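Read in order, the letters of the sequence shown correspond to residues -17 to 610 in my numbering.
Don't be surprised by glycine CBs; every beta carbon is placed ideally from N, CA and C.
Every value quoted in this text rests on a predicted model; they were computed, and no experiment measured them.
For reference, the structure discussed in these notes is given below.
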Amino acid sequence: MEARKKSTSTIALVIILALVVIGVFALRAGHSKTPVAPPAVRSTAVVIESNSFTSINSVTPNNNIVINGDVAYLTGMSLFHYDDKLNLVENKDLGTIRVSKNLSRDFQVTYTINPGRFWSDGTPITAVDLLLSHVTQSSAFAKSAGLPDPSNSAVTPAFDSGLYGAVYDKHVVGIPTVSTDLMSMTVKYDASIPDYIINGVNLTLPVHALEELAVGKSVLGTAAENVAATSKFLSDVQTKNTSALKAMGKVYSTGYDGATISSATNPLLLVVNGAYYIKSVDSGAITLIANPKYNSGPPLSGINTMVIKQGIADGSPSAQALANGDADIYQGQPTADAVAQLRGIKTVTVTTTSSYAYEHIELRLAGTGGAVYNGPFAVSGGQKSADLRKAFLLAYPRAEIVAKLLQPINPNTVVLGSVVYFPGNPLYDHVAGLNGTAQYTVGTQEARNATALALVRKWYPNAGSGTTPISINLLWGSPGNTRRASEAALIIPAEAAVGFKVTAPATAGWGGKLASPLYDAHFFIFDQTANPQDAQICGTFQATGGSNYTGINDPVIEKACTALQAGTLPIATVNALRLKIEQAVSKSAFFLGIFQNPQVTAYKSQISGIIAAPLSPSLFWNFWSWHF
C-alpha cells in the first residue's frame, strides 16, 4: 500500500547475473573429442525495480511500499500466503492455525510453531516471536503498558505500526496466552472474527534480536543469550515493562530503516527466518543469499542468489535491460512503448493481466500522525474547501489517463467506478451506479470542467483563462516511474484549466512523505486484499486505519467499519455496509479511483516457475519454484 502501498500501493523486478560455462572442445589424435562438460546451471536471478528500498521493516507507515514488502517476503516466511488463484494457503512447514474455541463472545485462535524451526542465527523460533504481532496491533496493550495511545492520531505509537485500529485491535481480549513449552499461543477475541487468519497475528521480526538491539548490542548473541532474550521479551510483555518496551519500540520504528546495508551493518538487524538473507543493499542493487538455516517454508528449486536492481525506470531502461541480457525478470508499470519493446524481444515471455490493485487520487483533509494541515483542501476550510476538492476531482483527467497510458497496454482498462469491486465483479456496475462516482464520469470532460470552474470561481472569480490562484503540491512517486511521470504531465494542464497550479515533481522516498502536510494530494496504487469482510476499505478510510493518509474522520464510515469488524456477517449486509462507505467517500469529495492496475510481467524464457498473481507479492509469491 509499491508502492504502491500495501501501498497502496501498494510492486519488483529481477535481474539475473549469470556466467554460463561453455564446454571447450579439444581435439585429440585421431580427431576424437574430449567429453564436454554440461553448461553450469545458473543459480542467480536478478529483478528490476523502479522504486528504492528504504527499510527492512515494511510494516511502519512510512515504509509500507512494495519493494520493502517484497524483500520482507523473500527474507521472512509467515504462516500463510495467497497463490495465483487467490487461495489462502497456510504454511504448514512453519506452523498451524486453528480455532480452539468458538463461542459468540469467546472466540479463540491457537497458533502453533512446528518444533525445530530456526532463525538464521540458529535461534529456535517459538510462539513468543508471534507475541510481537500483538504488541504492534493492540492499542489496549499499548495504553495499559504506559505507551502512547495508537488510537490518538496526534501521537506516534511506540511501535509505529500501520496495523492498529483494525479487526484485531478492536476485538482482542487481554494478552495472548503462551503455552508452557513456548510453542503455541492462543488469542482470545470478544466476537467471531471475520477472516481471522489474515486479521490475526503472524511471524514478523525475531524478538530476541529486538531485545538485544534495544540494549545496544551490535554482535550476534550466543545460543544461551538469544534464548534468554526471548524469555525476557515474554516477561516484558506480560509484566508490561514500559522502559524495555519503549526501547524496543524505538528500534522497531526506526532502527531497521536505511537505504544501505553492508558488512558494517549490525548483524542483529539482518536475522531472518526466510529463504534468503540480505547480504548487501546499495543505491544500485539489493543482494539476497540463500539462508542455510531456512526450514520455515518450501525448499528452493535452484535460485540461490536473488539480486534486485533498484531505481531502474519502468520504460525503455527496463526493457533494454532484458534485451541486453542484463536482466531476467521484470514486473512493473511500463509505458505502452515499453510493453511493445518487451514484446519484440524474442527471448522474453510477456504476460499482461489485471491485478488486485488500483491507482487512485486522494486529497488531504486533515493532518495525520499529529501533523497539522490547513491547505486548500482541509476540512477546516468548510464549504470553500469542499468546493475546491470537488472541482479538482471533476477536472482530473481520468479518461485521458486511461485512454493514452493504459488502454494501449490493456484495451479492456476502464475508468474505475469503485474501490471495493473491480470490473468483472457482478456487483461492480450496481455499486458504481449508486456510490456517487458517476458525477465524475457523466457527460463530457468539457462539461465537467465547466462545473469545476464555476465551483472555483465562487471563491476565486478570476480563476481559469491562464490564472491559477490555487497552489497544489502533488506527490506521486519516484523518478524511475515513467508511467506516473506521464500521468503527472497530463494532470498539470488539466487542473490549470480550472484554476489549480499543480506542482508534481518525482520524489525519491515518496512513501515516507505521505503523512507530510506539505502535500495536498497524492496519487499511487493501493493493493487490495482477497476480499476480506472489511475489504481493506476500513484500513483506508477509518480514522485509525493504517493506510489513512488523508485524515478522513467520518461518522458514517466509522459506524460502518465498526459493524464490518464486529463479527462475521451475511454477505448482503457486508455489501450494504461497503456501499455506505463508498457513498460517504464520494460525498466528502477527497478520494477517487482511476484504474485497475494492468500487471505486466516479462521474463527470460530460460527461467521457469514465473506465475504472476493478482495480489501482492505478485511476482514473488512462489519464488521457491523458480529455477533455470
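Just so you know, the alpha carbons of F577 and V396 end up roughly 6 angstroms apart. Secondary structure in the segment 494 to 563: the beta strand (DSSP E) runs of 3 residues or longer, each lying completely within the stretch, are 503 to 509 in chain order. At a Cβ-Cβ threshold of 8 angstroms, G256 and N277 do not count as neighbours.
The DSSP-derived three-state label of T583 is strand. Burial check for L500: the Cβ neighbour count within 10 Å stays below 16, so the residue is exposed. Per DSSP, Y234 lies in no beta strand (DSSP E) and is assigned neither H nor E.
Rounded to whole angstroms, I474 and L375 show a C-alpha spacing of 13 angstroms.
Per DSSP, Q365 is one residue of the alpha helix (DSSP H) stretching across G364 to A377.
Cβ atoms of V41 and T105 stay farther apart than 8 angstroms, at about 21 angstroms. Within the same chain, Cβ atoms closer than 6 angstroms to the Cβ of D239 are found at S37, the five residues on either side in sequence being excluded.
If you draw a straight line from the Cα of D177 to the Cα of G549, it comes to about 9 angstroms. Spanning the alpha carbons of L324 and P390 requires a straight line of approximately 14 angstroms.
Residue range S121 to S126 is occupied by the alpha helix (DSSP H) that includes K125. Our two residues, S86 and A173, have alpha carbons roughly 6 angstroms apart in a direct line. In chain order, A434, L437, V438 and V480 place their CB closer than 7 angstroms to the CB of A373, counting only its own chain and leaving out the 5 sequence neighbours on each side. Leaving aside the five residues that flank L561 on each side, the residues in its chain whose CB is nearer than 8 angstroms to its CB run, in chain order, V413, L416 and N417. Looking at the DSSP output, G77 sits in a beta bridge with I95. Annotation for K214: the continuous alpha helix (DSSP H) segment containing it runs A205 to Q220.
Secondary structure at N45: helix, using DSSP grouped into helix, strand and coil.
Take K83, set aside five residues on each side of it, and the residues of its chain with a beta-carbon closer than 7 angstroms to its own are F89 and Q90, in chain order.
Exclusion of the five residues before and after I593 leaves D66 and N604 as the residues of its chain whose Cβ lies within less than 7 angstroms of its Cβ. The C-alpha of K232 lies about 14 angstroms from the C-alpha of L187. The DSSP-derived three-state label of K328 is coil. Cβ-Cβ distances below 8 angstroms link Y64 to L70, V71, A512, A595, L597 and W603 in the same chain, with the five nearest sequence neighbours on each side left out; the list follows chain order. Here P106 carries a strand assignment [DSSP, helix/strand/coil]. With contacts defined by Cβ atoms closer than 8 angstroms, A490 and S460 form a contacting pair. Looking at Q565, T92 and T464, the one whose alpha-carbon comes closest to that of I179 is T92. Q365 sits exposed, since fewer than 16 C-beta atoms from the chains shown fall within 10 Å of its C-beta.
The alpha-carbon separation between Y171 and D163 amounts to approximately 23 angstroms. Pairing I539 with I563 gives a Cβ-Cβ distance under 8 angstroms.
Annotated as distal: L185 and L251, with beta-carbon spacing of 8 angstroms or more. One thing to note: V401 has its Cβ within 8 angstroms of the Cβ of G575. In the DSSP secondary-structure assignment, E194 is not bridged to any residue.
Taking C-beta atoms as the reference points, L472 and E382 count as a pair closer than 8 angstroms. In the three-state DSSP reduction, K199 falls in the coil class, being neither helix nor strand.
Distance from the CA of V149 to the CA of I175, rounded to the nearest whole angstrom, comes to 7 angstroms.
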